[in-house]
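Asks: Pasting in a structure now, in structure tokens, and then I'll have a few things to ask.
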Amino acid sequence: MNYIALNDYKKAWVFKHQDLPVAEPDLALIKPMSPQRSAVLWSTMISNEKDHPDFFDSNDWVGQTSSWQDTLSWEQPWEAGEEFPEAIAEFLDWQDNTTVYFCLSRQEVLETRFDVFKRNWKNFMFLTDGSFLIGKKRHSVVQFMPEGEARLGSRP
1 MNYIALNDYK KAWVFKHQDL PVAEPDLALI KPMSPQRSAV LWSTMISNEK DHPDFFDSND
61 WVGQTSSWQD TLSWEQPWEA GEEFPEAIAE FLDWQDNTTV YFCLSRQEVL ETRFDVFKRN
121 WKNFMFLTDG SFLIGKKRHS VVQFMPEGEA RLGSRP
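As structure tokens, this is what we get:
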């Protein structure tokens, strides 16, 4: 099985928070991957050796400064209650129906569509710990750092 039910996901509370409710149609499109499927995607798109963003080094594309073009704040718009930061959306330049992966670690990846992510980005930010937003068949990437910054870059 490639996915687990959102209700069985240990961090599902971020999507059911009473102050940031997620609409039912969007909830149906937020799909936590099984640990096995997460590991395959992580190994393919992020790192074949490191399990978590805390452990990257210059041998991983994410640990190379040449992979990153810009840094901006995600925390300021989040705290101000604003929509998904336009600068990030412009950098990514993805269509709303693009399949995206919000990657927390080798064992934890959430799949959804870009429009769903943008509408509910504040919920996803509860899970930031160096987490990546990667689009299917896309090279642009954002890494959301726990300090409130977003690194904009490209993956190989």
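Per the numbering used here, the sequence shown starts with residue 1, numbered consecutively.
Think of the CB as a built atom: it goes at the ideal place given N, C-alpha and C, for glycine as much as any other residue.
Is Met125 helix, strand or coil by DSSP?
Replies: Within the sequence shown, the letter at position 125 stands for residue 125. Helix at Met125.
Asks: Leaving out the 5 sequence neighbours to the left and right, which residues in its chain are closer than 6 Å to Asp129 when beta-carbon positions are compared?
Replies: One-based indexing of the sequence shown puts residue 129 at position 129. Counting only Cβ-Cβ distances below 6 Å, and skipping sequence neighbours, we find Pro146.
Asks: What's the C-alpha gap between Tyr9 and Gln64?
Replies: On the sequence shown, residue 9 is found 9 positions in, with the first residue counted as 1. On the sequence shown, residue 64 is found 64 positions in, with the first residue counted as 1. Distance between the alpha carbons of Tyr9 and Gln64 is about 32 Å.
Asks: Under DSSP, the alpha helix (DSSP H) around Leu20 begins and ends at which residues?
Replies: Taking the sequence shown and counting its residues from 1, the one referred to as residue 20 is at position 20. Premise fails: Leu20 is in no alpha helix (DSSP H) and is neither H nor E.
Asks: Quick check: the region 113-121 against the region 45-62, are at least 3 beta-carbon pairs closer than 8 Å?
Replies: Contact fails: fewer than three Cβ-Cβ distances are below 8 Å.
Asks: Reducing DSSP to helix, strand and coil, say where Lys31 ends up.
Replies: Numbered from 1 along the sequence shown, position 31 holds the residue referred to as residue 31. Note: Lys31 maps to strand in three-state DSSP.
Asks: What span of residues does the alpha helix (DSSP H) with Gln76 cover, start to end?
Replies: If you number the sequence shown from 1, residue 76 lands on position 76. First-last of the alpha helix (DSSP H) with Gln76: Glu75 to Glu79.
Asks: Reducing DSSP to helix, strand and coil, say where Arg106 ends up.
Replies: Start at 1 with the first residue of the sequence shown, and residue 106 comes out as number 106. Of the three classes helix, strand and coil, the one that applies to Arg106 here is coil, per DSSP.
Asks: Give me, in chain order, the residues of the same chain whose beta-carbon lies closer than 8 Å to that of Asp60; leave out the 5 immediate sequence neighbours on both sides.
Replies: As a position in the sequence shown, residue 60 is number 60, starting the count at 1. Closer than 8 Å at the Cβ level, and outside the excluded window around Asp60, lie Ile46, Ser47, Glu49 and Lys50.
Asks: Using CA coordinates, which residue listed in Phe56, Arg37, Gln95 and Gln76 is at the minimum distance from Ser131?
Replies: Within the sequence shown, residue 131 is the residue found at index 131, counting from 1. It is Phe56 whose Cα lies nearest to the Cα of Ser131.
Asks: When we look at the beta-carbon of Gln143 and count the other beta-carbons within 10 Å, is it buried (16 or more) or exposed?
Replies: In the sequence shown, the residue the question calls residue 143 occupies position 143. Gln143 comes out buried.
Asks: Helix, strand or coil: which one does DSSP assign to Ala150?
Replies: On the sequence shown, position 150 is the one that residue 150 refers to. If DSSP states are grouped into helix, strand and coil, Ala150 belongs with the strands.
Asks: Have a look at Leu104 and Pro25 and give me their C-alpha separation to the nearest angstrom.
Replies: Taking the sequence shown and counting its residues from 1, one reaches residue 104 at position 104. Taking the sequence shown and counting its residues from 1, one reaches residue 25 at position 25. Between Leu104 and Pro25, the C-alpha separation is close to 23 Å.
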